Amino acid sequence: MLSDAEWQAIALSLKIAGSAVGWILIPGIAVAWLLARHEFRGKSLLDGLLHLPLVLPPVVVGYLLLLSLGRHGWLGHWLYQWLGVSLPFTWQGAAVAGGVMAFPLLVRAVRLSLEAVDPKLEAAAGTLGANRWRVLFTITLPLAVPGLLTGAVLAFARALSEFGATITFASNIPGQTRTLPLALYTLIQTPGKESAAARLCVLSIVIAMLSLLASEWLARRARQRLQERDR
Amino acid sequence: MLSDAEWQAIALSLKIAGSAVGWILIPGIAVAWLLARHEFRGKSLLDGLLHLPLVLPPVVVGYLLLLSLGRHGWLGHWLYQWLGVSLPFTWQGAAVAGGVMAFPLLVRAVRLSLEAVDPKLEAAAGTLGANRWRVLFTITLPLAVPGLLTGAVLAFARALSEFGATITFASNIPGQTRTLPLALYTLIQTPGKESAAARLCVLSIVIAMLSLLASEWLARRARQRLQERDR
Amino acid sequence: ADQVQVYAAASMTDAMNAAIASYEKSHDVDIVPVYASSSTLARQIANGAPADVYISANEKWMDWLEDQDAPVSERADLLKNRLVLIAPKESQIPDFTPGGDTKIVSQLGDDGRLSVGETSHVPAGIYAKQALESIGEWDALQPRLANGDNVRAAMALVERGEAPLGIVYETDAMASQKVHEVGVFPDDSHKPIVYPLAVLNPDPSDSTEAFRRWLDGDDALSIFSKFGFTPVDAD
Amino acid sequence: MRESAESIASAALDCRLRKQLGDFSLDISLSVPSSGVTALFGQSGSGKTSLLRLIAGLDRPDEGHVRLGSRTLTDRAKRLHVPIHRRRLGVVFQEARLFPHYRVRGNLTYGMAPSARRRFDDLVSLLGIESLLDRLPGTLSGGEARRVAIGRALLTEPELLLMDEPLTGLDGDRKQELLNYLVRMTRDIDIPIVYVSHDTAEIAAIADHLALVEKGRLIAHGPLDDLMMRLDLTDRLGGFDAATRLLARLDKHDDHYALSHVVLNDGQRLKVPRIDRPLGAQVRLRIGVRDVALAREMPSGTSYRNGLRASIDAIEPSPQSPSTVEVLLRLGDQRLRARLTREACDEMQLREGQSVIALIRSVAFDAQSR
Amino acid sequence: MRESAESIASAALDCRLRKQLGDFSLDISLSVPSSGVTALFGQSGSGKTSLLRLIAGLDRPDEGHVRLGSRTLTDRAKRLHVPIHRRRLGVVFQEARLFPHYRVRGNLTYGMAPSARRRFDDLVSLLGIESLLDRLPGTLSGGEARRVAIGRALLTEPELLLMDEPLTGLDGDRKQELLNYLVRMTRDIDIPIVYVSHDTAEIAAIADHLALVEKGRLIAHGPLDDLMMRLDLTDRLGGFDAATRLLARLDKHDDHYALSHVVLNDGQRLKVPRIDRPLGAQVRLRIGVRDVALAREMPSGTSYRNGLRASIDAIEPSPQSPSTVEVLLRLGDQRLRARLTREACDEMQLREGQSVIALIRSVAFDAQSR
Ligand SMILES: Nc1ncnc2c1ncn2[C@@H]1O[C@H](COP(=O)(O)OP(=O)(O)OP(=O)(O)O)[C@@H](O)[C@H]1O
Ligand SMILES: Nc1ncnc2c1ncn2[C@@H]1O[C@H](COP(=O)(O)OP(=O)(O)OP(=O)(O)O)[C@@H](O)[C@H]1O
Ligand SMILES: [Mg+2]
Ligand SMILES: [Mg+2]
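Chain order of the listed sequences is Z, E, F, W and V. Using the working numbering, the first residue of the first sequence is number 1, and each one after it goes up by one. Using the working numbering, the first residue of the second sequence is number 1, and each one after it goes up by one. Using the working numbering, the first residue of the third sequence is number 1, and each one after it goes up by one. Using the working numbering, the first residue of the fourth sequence is number 1, and each one after it goes up by one. Using the working numbering, the first residue of the fifth sequence is number 1, and each one after it goes up by one.
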């Protein structure tokens with residue numbers, strides 16, 4: 001039913017979007033927690049920086065990534081010299097691009113949920129001898145699950161659909177970085193390939209829907225557990 | 001300091017992003033409320049549809065907009081015939097594109113906050129004689145202000161940076177639809193225009209930062225009002 | 001098998017895919033095409049993309065690459081294209097040759113727009129601007145333009161009937177079922193539309209050399225011709 | 001003036017409700033008279049809150065109905081469920097549930113009926129929350145929040161008040177004042193109150209009717225005074241602090257000693273701390289079972305002011321304590337309960353039918369009498 | 001066995017705290033002995049919760065310190081503030097504050113000390129929450145949630161227990177059991193408890209010390225029995241239900257009548273409902289001021305079992321009620337308070353220094369004695 005190239009693009013997209021979410025999950029939660037529960041100097045600045053990928057056109061972000069993480073970039077140079085890692089034009093690079101673009105969405109959703117967690121419960125946990133880490137992992141994060149799920153699914157969807165930054169930073173290399181949206185782009189560039197494009201379009205939708213349903217299901221379960229008597 | 005073209009792009013961007021947020025705000029809140037507080041058939045489907053703009057490459061969304069809202073599209077045809085409204089090539093069209101792209105972000109954030117509103121308070125308002133609308137406007141929404149703000153700022157940022165769908169649906173017409181990202185894109189595609197591009201890049205960042213700071217300030221005020229004794 | 005990475009302008013996608021398919025049938029080599037706008041590709045190559053061959057849709061980006069001290073070698077103009085005026089398939093606009101008696105603007109109606117690639121950087125747009133200037137319609141048409149992100153976007157507007165007329169490459173016009181060619185811009189109304197090709201690997205493999213040579217050959221050119229390109233040395 | 005328990009008006013609230021909540025099943029039929037306070041009493045987890053929630057329409061029953069006066073609020077069979085906001089009920093929840101984004105004033109006026117506006121100031125000062133009106137609820141103390149919640153519900157001028165342990169966390173004086181206010185209110189506005197409490201003193205002070213709930217079932221229901229006489233319920237009615245009530249008429253005020261003299265309907269007299277009501281008014285006196293001592297004849301030279309001649313109706317061992325017996329006394333047509341040690345009962349050789357003196361100290365009367 | 005109020009050990013908790021909260025200013029110095037229960041008593045909004053919060057470290061004082069034994073928990077001057085989780089305090093909040101995502105069992109074990117594991121089952125059954133262990137808190141009734149919250153705090157084996165109205169919303173029996181448990185616990189483990197309550201009966205049953213708070217200031221502090229004798233505090237100590245306590249020694253059990261005989265230290269005897277403690281044990285008997293009647297000599301033919309010869313130390317008008325006087329009695333070195341009507345006092349011509357009989361009914365003794 002699907003061509004090899006299509007399967008390849010799907011597998012690649014999933015791998016890249018999954019990795020993207022994977023690598024930003026922990027830092028995203030950490031940053032969201034910092035922003036939600038702490039006051040420090042430069043908080044606004046950090047907050048602003050986080051939102052850059054959202055505000056700038058993706059192509060610009062991709063370009064900035066290329067400038068910094070490219071082999072001649074200040075960070076990329078270092079990465080290559082010391083770790084032998086080269087990100088541009090690889091699927092890892094695509095995951096980085098996707099992650100960067102998805103980061104603000106993840107942080108925002110998680111932060112929103114963290115801020116909604118009742119600090120009274122955290123204080124109660126404190127009186128029961130839990131240090132701030134235990135409080136974080138046993139009270140705050142579990143109660144922020146809806147936000148974590150929302151954040152993760154938004155991030156996954158964003159990474160899955162990421163195009164501009166990816167094509168600029170990681171290029172459009174079949175089997176390496178040609179994800180669904182890039183494949184779709186390639187088709188759409190070509191007059192007369194509308195039906196093939198439509199197929200990919202539907203595929204993207206199906207994948208997104210599935211991930212969405214999964215997250216909804218998880219969120220519902222999480223919410224049901226917390227159900228109080230007033231609904 | 002800034003050229004006329006730059007000022008024009010800034011003004012246009014603000015107008016378009018502002019309108020985009022403006023027109024999706026009410027529907028976005030309504031949909032978020034539906035999803036957060038009601039069970040109905042086709043809920044998952046609606047939820048999925050909402051996320052499409054997030055999942056599909058923007059260019060595809062722009063193309064779909066063209067198919068439906070273009071002058072020969074099924075909806076656009078109707079709009080033109082009855083209301084004389086034609087969206088492609090106009091700033092209104094750009095606002096539509098920006099709004100569509102921003103919609104899922106708005107809905108998600110608002111929904112997350114609505115779900116965090118304690119249904120016990122809504123029930124209490126009910127016993128005080130408030131019907132569901134009064135409950136919505138006096139209890140639910142005011143308590144979801146953090147989510148509304150987050151949603152609005154995400155949506156604004158997204159609309160401000162919208163590129164792919166806009167250029168596809170509304171084209172890149174100076175003074176009409178050439179927003180900051182489009183102008184930026186144009187520069188970046190031209191060899192030797194890096195410094196001009198960097199200027200616009202910084203401009204975008206400044207605008208985004210300002211809107212962000214404003215929303216943070218509002219959110220902080222809202223939160224302080226609700227401060228309980230455990231922080 | 002050896003791998004050869006070919007960075008080609010997005011407008012060549014179809015033709016290039018066909019050429020590669022044909023080449024791979026008779027050669028034990030893996031040709032990997034990478035499509036994006038010429039500018040994106042050029043920037044990536046300047047930043048160390050593993051490209052063996054680069055085919056740009058215009059000379060500017062190839063020049064730019066050379067300025068960046070990229071290892072551009074064996075540069076040559078590979079293909080040519082023509083600029084055409086198109087209209088939706090069902091359009092009532094009669095065929096005419098731009099630059100003749102019929103003015104384009106007169107065919108646009110009251111509020112119709114002329115769909116082109118962005119005239120400042122999209123190659124098709126740049127050529128369109130040159131052409132319009134040379135036939136003296138630029139001033140009249142400039143406020144009536146709809147600038148697409150790329151040729152494809154420009155054509156989509158025409159296909160959908162949003163714009164009554166558009167300017168695209170002949171190759172694009174040929175590929176689409178939904179537009180028809182109203183007329184061809186005179187060759188001398190714009191700079192020649194050439195697709196320069198270069199090898200970018202300072203130490204090209206044999207496969208690269210072979211493929212590059214094949215691209216220049218008759219087999220390849222006949223395939224490209226089928227998609228509407230003209231070989232550079234055809235005339 | 002409102003008559004006492006005898007003159008029960010037609011049922012204002014009538015409900016028959018069945019609901020399964022996890023392992024817990026609630027199955028209760030309850031009729032509440034159209035005025036006066038019906039206390040819901042029962043152990044923690046017996047289903048009091050669940051019942052209130054069903055009446056309020058916050059939950060839907062699996063089966064049954066709720067009727068308030070002539071209005072049907074819920075009827076499962078007819079698939080009728082009047083939404084909460086149209087039930088015109090005032091609810092004081094077990095927790096305060098204030099709206100955190102409204103100031104105290106906003107919370108109070110949120111559901112305020114226009115007709116209640118003139119009561120606003122009085123109620124606020126009665127609740128002692130004048131100085132809190134411009135505060136946000138987040139900073140209120142536990143008791144302050146409760147008081148605001150009570151005020152909020154009272155200001156809606158409901159047709160039925162549901163109060164779930166409204167006075168917990170309030171100090172004695174404030175509690176007393178609020179109890180008096182509620183009693184006055186039921187007398188003036190004639191709305192029924194369903195009142196959940198664990199505090200027998202509170203119930204004795206306020207309730208006309210009592211509904212005893214256990215494990216989701218109603219195990220007894222009726223006028224408070226009748227239930228208070230039932231020995232089988234002693235255990236459940238708070239044992240140690242059990243009390244009965246006597247109906248009497250205010251006969252005389254003794255201003256010098258700040259006492260009031262009252263007459264029971266069999267003509268016997270009692271001296272109690274001054275009651276600020278007009279002469280001739282009916283008052284109800286709450287008398288703890290522990291506060292009644294018995295004597296063969298009126299002892300002299302003691303601080304006892306009150307000795308009532310009574311006959312012994314019954315003597316039964318306390319279900320609760322092996323050392324005591326409960327003695328049911330009859331005074332005219334009223335009944336009174338006394339608790340003695342078994343030893344005292346034996347030594348005094350008390351028998352059913354005997355005539356004795358019930359000694360009641362004047363200081364033993366709660367000021368709560370009305 | 002622990003001695004009574006007299007033998008106050010060195011202060012375990014010592015704090016001097018000043019804090020401004022909006023218009024409310026708290027300024028309290030308090031020392032709590034190293035074992036026994038110190039009750040915090042005061043009107044709603046007087047600052048009890050605020051004080052507990054400062055001690056627990058949930059708020060930082062503007063000035064002052066908190067010391068627990070040899071540990072300094074807070075010291076503003078030294079900028080020291082031990083974080084909550086290292087204070088080893090057990091806190092029962094005014095609301096339950098259960099973790100909604102943990103089952104009841106998870107809530108109980110969240111902060112459980114390994115050494116408390118063996119007490120788990122006992123405590124759970126005492127709290128009556130065995131059947132709730134696998135439930136999520138969202139569905140618990142108000143009282144059930146409270147009990148879980150109490151259990152959760154007790155299982156941490158803290159060095160200081162801070163309890164903010166822990167027993168509100170619980171029914172009489174359960175309350176009684178829990179009070180007994182707490183008393184037993186302080187006796188066994190010797191940790192101090194700071195206990196906020198509005199219920200004087202509860203306080204009389206459990207507290208050794210009393211701290212009276214008003215408008216953010218400590219207006220009285222000392223052994224409960226001493227404060228109970230202070231007439232100027234009657235009003236604040238719940239007036240109607242004021243009580244004093246007598247220390248006595250268990251002398252004999254009367255199994256037939258289920259009574260116990262106790263001896264006061266001046267040799268006089270009392271009969272009380274059976275106390276399940278070994279002979280020779282010291283017990284404290286709570287006697288309500290309303291439960292003591294006076295007589296010139298022991299009346300015969302009444303149900304009174306107990307008459308104690310006492311001398312009148314003082315007679316003072318009740319600040320609270322114009323109709324009554326408070327009579328302070330002396331029995332050996334102990335004191336007892338009685339409340340009479342002014343009329344009775346005049347008629348009996350009671351004078352300071354006179355010798356009288358204090359009549360106390362056996363049934364008037366709370367089972368709460370220990
Ligand atoms: N959704 C549910 N699932 C399981 N059990 C429930 C549920 N809701 C309530 N219960 C149980 O029903 C019983 C009655 O609860 P309810 O709140 O009515 O008690 P209550 O009489 O108000 O007690 P309290 O005096 O402690 O407030 C409780 O044992 C409670 O645990
Ligand atoms: N942040 C604040 N701003 C203004 N006033 C405050 C603030 N926090 C507490 N208060 C006030 O301080 C007083 C003491 O509060 P606290 O909670 O300590 O009272 P409490 O003695 O525990 O009363 P309750 O018995 O009602 O629980 C209250 O009047 C309260 O309104
Ligand atoms: Mg309840
Ligand atoms: Mg408090």
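Glycine included, C-beta positions come from ideal geometry on N, C-alpha and C. Keep in mind the model is a prediction, meaning the values are calculated, not measured.
Item: Within 8 Å of any Cβ in chain Z, is that where the Cβ of Arg134/E sits?; Value: no
Item: Per DSSP, which residues does Lys252/W bridge with? Please list them.; Value: His261/W
Item: CB of Gln268/V to nearest heavy atom of ligand 4: below 7 Å?; Value: no
Item: Answer with buried or exposed for Lys89/F, where buried requires no fewer than 16 other C-beta atoms within 10 angstroms of its C-beta.; Value: exposed
Item: Ala56/W and Pro192/W look like a contact to me (Cβ under 8 Å); what is the Cβ gap, rounded to whole Å?; Value: With a Cβ gap of about 14 Å, Ala56/W and Pro192/W do not count as contacting.
Item: Which class does Gln68/F belong to by DSSP, given the choice of helix, strand or coil?; Value: coil
Item: Closer than 6 Å from C-beta to any heavy atom of ligand 4: which residues, in chain order?; Value: Ser141/W, Gly142/W, Lys48/V, Thr49/V, Gln94/V, Asp164/V
Item: In the DSSP assignment, the beta strand (DSSP E) including Gly147/Z goes from what residue to what residue?; Value: No beta strand (DSSP E) contains Gly147/Z, which is instead part of the alpha helix (DSSP H) from 145-161.
Item: Would you kindly check if the distance between the Cβ of Leu112/Z and the Cβ of Gly147/Z is under 8 Å?; Value: yes
Item: Taking Cβ-Cβ distances shorter than 8 Å, what residues in chain Z pair up with Gln44/F?; Value: Leu66, Pro88, Phe89, Thr168, Ser171
Item: Who are the Cβ neighbours of Leu68/V in its own chain at under 7 Å, not counting the five residues just before and after it?; Value: Ala12, Leu13, Glu159, Leu160
Item: Quick check: the segment 62-70 of chain E against the segment 165-180 of chain E, are there 3 or more CB pairs under 8 Å?; Value: yes
Item: Quick one: is the Cβ of Thr139/V within less than 7 Å of any heavy atom of ligand 1?; Value: yes
Item: For Pro57/Z and chain F, any beta-carbon pair shorter than 8 Å?; Value: no
Item: Near Ser115/W, which residues of its chain fall below 7 Å by C-beta distance, leaving aside the five closest residues on each side in sequence?; Value: Glu157
Item: Are the C-beta atoms of Arg249/W and some chain E residue less than 8 Å apart?; Value: no
Item: To the nearest angstrom, how far is it from the Cα of Leu58/V to the Cα of Pro100/V?; Value: 21 Å
Item: Between the C-alpha atoms of Pro231/F and Leu221/F, what's the straight-line distance to the nearest angstrom?; Value: 6 Å
Item: Locate the beta strand (DSSP E) running through Arg33/F, then write down its first and last residues.; Value: Inspection of the sequence shows that residue 33/F is occupied by Pro rather than by Arg. Start and end: 29-36.
Item: Between Asn47/F and chain E, is the shortest Cβ-Cβ distance under 8 Å, so that the two count as touching?; Value: no
Item: What residue range is occupied by the uninterrupted beta strand (DSSP E) comprising Val110/Z?; Value: That residue, Val110/Z, is in no beta strand (DSSP E); its alpha helix (DSSP H) goes 91-116.
Item: Taking the alpha carbon of Pro273/W as the reference point, which residue from Leu250/W, Leu30/W, Val289/W has its own alpha carbon closest?; Value: Leu250/W
Item: Thinking C-beta only, is Gly138/V closer than 8 Å to Arg174/V?; Value: no
Item: Considering only residues of the segment 160-198 of chain F, which uninterrupted alpha helix (DSSP H) runs meet the minimum length of 4 residues and lie entirely inside it, listed in chain order?; Value: 170-175
Item: If you draw a straight line from the C-alpha of Asp313/W to the C-alpha of Leu329/W, how long is it?; Value: 5 Å
Item: What did DSSP end up calling Tyr304/V once you bin it into helix, strand or coil?; Value: coil
Item: Count Cβ pairs between the segment 204-216 of chain E and the segment 109-123 of chain E that sit closer than 8 Å; are there 3 or more?; Value: no
Item: Would you call the CB atoms of Gly183/F and Asn150/F closer than 8 Å?; Value: no
Item: List the residues of chain Z that Gln177/F touches, going by C-beta distances under 7 Å, in chain order.; Value: Gly192
Item: How should Phe137/Z be labelled, buried or exposed, when 16 other C-beta atoms within 10 angstroms of its C-beta is the threshold for buried?; Value: exposed
Item: Excluding the five sequence neighbours on either side, which residues of its own chain have a C-beta within less than 7 Å of the C-beta of Glu297/V, listed in chain order?; Value: Ile357
Item: Could you tell me if the beta carbon of Phe89/Z falls within a distance shorter than 7 Å of some heavy atom in ligand 2?; Value: no
Item: Give, in chain order, every residue of the segment 136-149 of chain V whose Cβ lies closer than 8 Å to some Cβ of chain C.; Value: Structure shown: chain C not included; protein chains present are Z, E, F, W and V.
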